[in-house]
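Participant: Residue numbers (this note's numbering), protein chains in the order written: chain A, 125 to 514; chain B, 1141 to 1460; chain C, 2 to 391.
Using N, Cα and C, we set each Cβ at its ideal position, and we do this for glycine too.
These numbers were taken from a predicted model, which means no experiment stands behind them.
1. Under 8 Å between C-beta atoms, does residue 1271 (chain B) make it to chain A?
2. Check the Cβ-Cβ distances between residue 1159 (chain B) and every residue of chain A, and say whether any is below 8 Å.
3. Give me the Cα-Cα distance between residue 1292 (chain B) and residue 111 (chain C), rounded to the nearest whole angstrom.
4. May I ask you to report which of helix, strand or coil DSSP gives residue 72 (chain C)?
5. Alpha carbon to alpha carbon, how far is residue 1349 (chain B) from residue 1315 (chain B)? Give it in angstroms, no decimals.
6. Pick from C:56, C:312, C:154 and C:289: whose alpha carbon is nearest that of residue 21 (chain C)?
7. For residue 248 (chain A) and residue 195 (chain A), what's the separation of their Cα atoms in angstroms?
8. Could you please give the first and the last residue of the uninterrupted beta strand (DSSP E) stretch that includes residue 160 (chain A)?
9. Rounded C-beta distance between residue 107 (chain C) and residue 271 (chain C)? I'm assuming under 8 Å.
10. At the level of alpha carbons, what is the spacing between residue 204 (chain C) and residue 235 (chain A)?
11. Counting contacts by CB-CB distance shorter than 8 Å, is residue 174 (chain C) in contact with chain B?
12. Using only the alpha-carbon positions, how far apart do residue 220 (chain C) and residue 1180 (chain B) sit?
13. With a threshold of 8 Å between beta carbons, is residue 1341 (chain B) in contact with chain A?
14. Between residue 1276 (chain B) and residue 196 (chain C), how many whole angstroms is the CB-CB distance? I'm expecting something under 8 Å.
15. Less than 8 Å between C-beta atoms, sequence neighbours within five positions excluded: which residues of the same chain meet that for residue 337 (chain C)?
16. Residue 186 (chain C) versus chain B: which residues are under 7 Å apart at the beta carbon?
17. With a cut-off of 8 Å, does the C-beta of residue 340 (chain C) fall near any C-beta of chain B?
18. Could you pull out every unbroken alpha helix (DSSP H) segment of at least 4 residues lying fully inside the stretch 317-347 of chain A, listed in chain order?
19. Counting only beta-carbon atoms, is residue 292 (chain A) nearer than 8 Å to chain C?
20. Quick check on the DSSP output: the beta strand (DSSP E) that includes residue 227 (chain A) runs from which residue to which?
21. For residue 193 (chain C), which residues in chain B fall below 7 Å Cβ to Cβ?
22. Pick from B:1395, B:1381 and B:1283: whose alpha carbon is nearest that of residue 71 (chain A)?
23. What number of angstroms, rounded off, separates the C-alpha of residue 1367 (chain B) from the C-alpha of residue 1232 (chain B)?
24. Please confirm whether residue 323 (chain C) has its beta-carbon closer than 8 Å to some beta-carbon of chain A.
25. Quick one: is residue 18 (chain C) near chain A, going by C-beta distance under 8 Å?
26. Pick from B:1400, B:1228 and B:1396: whose alpha carbon is nearest that of residue 1173 (chain B)?
27. Bridge partners of residue 494 (chain A), per DSSP?
28. Closer than 7 Å between beta carbons: that is the criterion. Which residues of the stretch 271-305 of chain A meet it against chain C?
29. Using a cut-off of 7 Å between C-beta atoms, extract the partners of residue 1304 (chain B) located in chain A.
30. Give a yes or no on whether 8 Å exceeds the smallest Cβ distance from residue 234 (chain A) to chain C.
31. Grab me the residues of residue 212 (chain A)'s own chain with a C-beta within less than 6 Å of its C-beta, minus the 5 sequence neighbours each way, in chain order.
32. Per the contact definition of three or more C-beta pairs closer than 8 Å, is the stretch 1194-1214 of chain B in contact with the stretch 1441-1448 of chain B?
33. Count the other C-beta atoms from every protein chain shown that fall within 10 angstroms of the C-beta of residue 1339 (chain B), then say buried if there are 16 or more, exposed otherwise.
34. Tell me, to the nearest whole angstrom, how far the beta carbon of residue 300 (chain A) is from that of residue 354 (chain A); I am working on the premise that it is less than 8 Å.
35. Any residues in the stretch 1234-1267 of chain B with a beta carbon nearer than 9 Å to a beta carbon of chain C? Which ones, in chain order?
36. Going by DSSP, what residue range makes up the alpha helix (DSSP H) through residue 1342 (chain B)?
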């Protein structure tokens, strides 16, 4: 019996070390990765990003000058930090995947930076706005093409103060994303000094019922409710505000700039404010090109707010691999040196933390079921008025 | 002056009557929904001694069925709110009744000779199947879906309290349904049969009651209740998503347990008690609704420690 | 109910069926873990199912389980060798090793649940919560103190057991469904508590440094001569040791007078009480031992993953642990391991069903409950001594 076991060990061990040496195909195929929220409340953004990344890969594969044939590996982070860490580990642990365009949700992006660093996997973030993602550590693996939330909250505070509002209640989700928004908005508002925050409420990312927070807010009677969080709870809060008869301006961030926000609320979405870094897709330098190619592919979902950034991120990855070859270390080295690189979102420069600067902030207001730029809207010109607007 | 005004996110608000009324209203609405789910649990337990854990997810399926009906009706051009609502309620209630009967017939009854745990587990898993099926097979089921606001939206502003007509209507409808169930159970022959089966299966059979039929009917009633609760939930929040059933199911279950399984009054009491606990939690605790669930569940555990079979004692006793 | 022919002399059943079954299973597992193409994986799975059904029909499965029952120590040794062989085969693949470690640690946790439910009949629907207590303990201790990591594991187990004792009073006083509700309420309470509690990281969770024992850091890849091993090998060794320890403990427990008392307690509480067994004491013992095991597994798993978040330890995860228990056969440690492998490995490999995996688990458990409620490898009636025949 002992002998049998011993023989088994030898046999299996021999097999174990022999088999890997057999395979060794010539590698013309290169795998690149994409991670985003493909299911759940923010899936519209995730799917838009995925389609955009897919578009970049397709265009590159159709290009006869490309040195390699690319395959896109797509994983779903469900906008949950723990799932994100699992799929990030999976992608980074797979030695065949060279680099990835990752994450729309900030909560997931901040959770995975350590994972990418551990495995030496280069990533370019395409949609998450929390500054900590690039600034908390100096990881050479992590880069980002879209901007951070600091600028959009500056613009937000500025507009609110300019419109003459004096009292603001803050609702934010308790992930690092919502907390980040709360922090930067409060700072900006305090710096301008014209408006006061009368109450701050933290809510969980999956919360259904906001009657208790909103009842307390109703008692405080603010003119504006600032919301730092994503579309699913944004929709619920706005709807329940109406149910409780709260007549305040609903002021959101880039987290609610999404078609699903408008679909979820219908006419109630009217008059919502939102801010986003980056010009609207049509006004980007490569915007028309991107939209044209995107529509030609007939995807099921629109690119949404950050699709163009996902495209730019994937395109940069592909460019880099073309230049230095499918080697993670070389890609990391090449991405450390990106200055004024052309892309459809404009010139990209990574600072020493891998962060791109996006100077333009777009102010939106929902008008007639669409996100319209503030300066072009009827609210700015005075034809319509927000609640309490003077 | 720049800066934030401190301290206004917590428990030291002065409570004027309007605010109190608003809290009470919130609590009543929640309690009504929990009570409806709890009554369902209690009915199933009473009749078959089973915990049908998929009850909450039947609620979800019912809500989605109603939504699908609405979409269908609109595509067919029917636009009257009341008619829409009526048809939605009828169709989803019937559909869920059928589903409930199917569950009873194929999943629960075959397991009657197995340990009670197996039934609990099979219904837990069934709940997962229902929930995942909605998420996977309903178009874009993973996203929260807006539910049409079909009730009149008139409202009266009484100081801090916003009295809405639709809330009042829903509350009234819920009360009517519960009274209806009471009437059914206590005043009709069918109800008598159900109670007989709940008390003692063998004797009931000896008396000529068709056991299987009664069980199926009870499940149909319970599941129909779930559909009604689902539609109410959708109307209240103007949104449904595939996860509402799990949360409501667990709370309904806890409420039924607190009130004592097998007792309809207990279930209703439990439902409103749980909602009351949550509301008190939000008022007293400084972090708004953050800790309200923790508070409510902790109290449930404490109650179970104090009165193991719930507040209204089960009549069986087992002492050696 | 063993199908071995009644023996007149004291000859034991052969060890060969067990050894051969183990060898085949190991080879199959290696093939499954190694396969990448979906078609191959599906083919392998179909073959596996067919073989098992054929085996059951031909009565082969019964002789395998009889041989396991009789020669458990020897076959246990062979199983350890099999595990080492699997690890040797995949010594460089991070992700496969991570899967194997997940299987090992989930097995330990389910062994704990088994003690609670399979032996003492105490329902515990909060398994994932105790797992989480272990994980968070190791997160907090590793980040804020410098307690040696092995000790952290033990403390994790102890804390989980301690938390379990909070639930003791309600669990002891209730029976059946009521006990279930107590643990379910705790499971939900725990997750919400973690989410709203900023000290423990809130919904964002906490990052964990890797394990290190006596300055040997577990998070660096190892090089032995020409062979480079993934850093997960460190964790693999520790997990395997933990599983062996847990397995031996549980088996000895079952065979001892403690196990006898627990069985009596589970089968008929009233009768056991009549015979003078102290119900309370034994239920407490089983519950605490079970939670201790779950806690240690959780603490180690936290360090392996490097990340803990409330979303990892929800009620749904507890249900997965319970499903494993049911699928494998309540009370049978071998069945548990097989079931864990199925539940953890199959959805990871069969990517196409990744999205559907919860649905499939649930359907499988329903099927098992309807058609084979004892589980895949049911527990045999108690045997005092291996090979003993009445």
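Facilitator: Let me lay it out:
1. Working through the second chain from its first residue, we reach residue 1271 (chain B) at position 131. So, not an interface residue.
2. Along the second chain, one-based indexing puts residue 1159 (chain B) at 19. Closer than 8 Å: yes.
3. By one-based count along the second chain, residue 1292 (chain B) stands at place 152. By one-based count along the third chain, residue 111 (chain C) stands at place 110. Distance from the CA atom of residue 1292 (chain B) to the CA atom of residue 111 (chain C), rounded to whole angstroms, is 53 Å.
4. Residue 72 (chain C) sits at position 71 when you count from the first residue of the third chain. If DSSP states are grouped into helix, strand and coil, residue 72 (chain C) belongs with coil.
5. In the second chain, the residue the question calls residue 1315 (chain B) occupies position 175. In the second chain, the residue the question calls residue 1349 (chain B) occupies position 209. Answer to the nearest angstrom: the Cα atoms are 30 Å apart.
6. Taking the first residue of the third chain as position 1, residue 21 (chain C) is located at position 20. Ranking the options by Cα distance to residue 21 (chain C), first place goes to C:56.
7. Here residue 248 (chain A) refers to the residue found at position 124 when the first chain is read from its first residue. Here residue 195 (chain A) refers to the residue found at position 71 when the first chain is read from its first residue. Near 17 Å, if we compare the C-alpha coordinates of residue 195 (chain A) and residue 248 (chain A).
8. Here residue 160 (chain A) corresponds to residue number 36 of the first chain, with the count starting at 1. Where residue 160 (chain A) is concerned, the enclosing beta strand (DSSP E) stretches over 153-160.
9. Stepping through the third chain from its first residue, residue 107 (chain C) is reached at position 106. Stepping through the third chain from its first residue, residue 271 (chain C) is reached at position 270. The beta-carbon separation of residue 107 (chain C) and residue 271 (chain C), rounded to 35 Å, does not stay under the 8 Å limit for a contact.
10. Along the third chain, one-based indexing puts residue 204 (chain C) at 203. Along the first chain, one-based indexing puts residue 235 (chain A) at 111. Going by the C-alpha atoms only, they are around 11 Å apart.
11. For the purposes of this step, residue 174 (chain C) is taken as the residue at position 173 of the third chain. By this cut-off, residue 174 (chain C) is an interface position.
12. On the third chain, position 219 is the one that residue 220 (chain C) refers to. On the second chain, position 40 is the one that residue 1180 (chain B) refers to. So the two alpha carbons sit approximately 52 Å from each other.
13. Here residue 1341 (chain B) refers to the residue found at position 201 when the second chain is read from its first residue. Not an interface residue.
14. Walking along the second chain from the start, residue 1276 (chain B) turns up at place 136. Walking along the third chain from the start, residue 196 (chain C) turns up at place 195. For a cut-off of 8 Å, the C-beta gap from residue 1276 (chain B) to residue 196 (chain C) is around 26 Å, too long to register as a contact.
15. If you number the third chain from 1, residue 337 (chain C) lands on position 336. Closer than 8 Å at Cβ, skipping near neighbours: 108, 111, 112, 115, 325, 326, 329 and 330.
16. On the third chain, residue 186 (chain C) is found 185 positions in, with the first residue counted as 1. Here the neighbours are 1394, 1437, 1440 and 1441.
17. Counted from its first residue, the third chain places residue 340 (chain C) at position 339. No, residue 340 (chain C) lies away from the interface with chain B (no Cβ there is under 8 Å from its Cβ).
18. 335-344
19. For the purposes of this step, residue 292 (chain A) is taken as the residue at position 168 of the first chain. False, the Cβ-Cβ gap to chain C never drops below 8 Å.
20. The count along the first chain starts at 1 and reaches residue 227 (chain A) at position 103. Going by DSSP, residue 227 (chain A) is part of no beta strand (DSSP E) at all; its letter is neither H nor E.
21. In the third chain, counting from the first residue as 1, residue 193 (chain C) sits at position 192. Result: 1433 and 1434.
22. Residue coverage of chain A in this structure runs from 125 to 514, which leaves residue 71 (chain A) outside it and unanswerable.
23. Within the second chain, numbered from 1, the residue matching residue 1367 (chain B) stands at position 227. Within the second chain, numbered from 1, the residue matching residue 1232 (chain B) stands at position 92. If you draw a straight line from the Cα of residue 1367 (chain B) to the Cα of residue 1232 (chain B), it is about 6 Å long.
24. Indexing the third chain from 1 puts residue 323 (chain C) at position 322. Chain A, which has no Cβ nearer than 8 Å to the Cβ of residue 323 (chain C), makes this no.
25. The sequence position of residue 18 (chain C) within the third chain is 17, counting from 1. Taking Cβ atoms only, chain A never reaches closer than 8 Å to residue 18 (chain C), which makes this a no.
26. Numbered from its first residue, the second chain carries residue 1173 (chain B) at position 33. Looking at the Cα atoms, B:1396 is the closest of the given residues.
27. Looking up residue 494 (chain A) in the first chain gives position 370. DSSP output for residue 494 (chain A) lists A:491 as bridge partner(s).
28. 298, 299 and 300
29. If you number the second chain from 1, residue 1304 (chain B) lands on position 164. Under the 7 Å cutoff, chain A gives 367.
30. Position 110 of the first chain, counting from 1, holds the residue named residue 234 (chain A). Yes - at least one Cβ of chain C is within 8 Å of the one on residue 234 (chain A).
31. As a working mapping, residue 212 (chain A) is identified with position 88 in the first chain. If we look at residue 212 (chain A) and ignore the five residues flanking it on each side, its Cβ neighbours are 236 and 239.
32. Segments in contact, no.
33. Along the second chain, read from residue 1 onward, the residue named residue 1339 (chain B) stands at position 199. Exposed is the call here.
34. Numbered from its first residue, the first chain carries residue 300 (chain A) at position 176. Numbered from its first residue, the first chain carries residue 354 (chain A) at position 230. Their Cβ separation, rounded to whole angstroms, is 13 Å, which puts residue 300 (chain A) and residue 354 (chain A) out of contact at 8 Å.
35. 1246, 1247, 1250, 1251, 1254, 1255, 1256, 1257, 1258, 1259, 1260, 1261, 1262, 1264, 1265, 1266 and 1267
36. In the second chain, the residue the question calls residue 1342 (chain B) occupies position 202. Here the alpha helix (DSSP H) through residue 1342 (chain B) covers 1341-1346.
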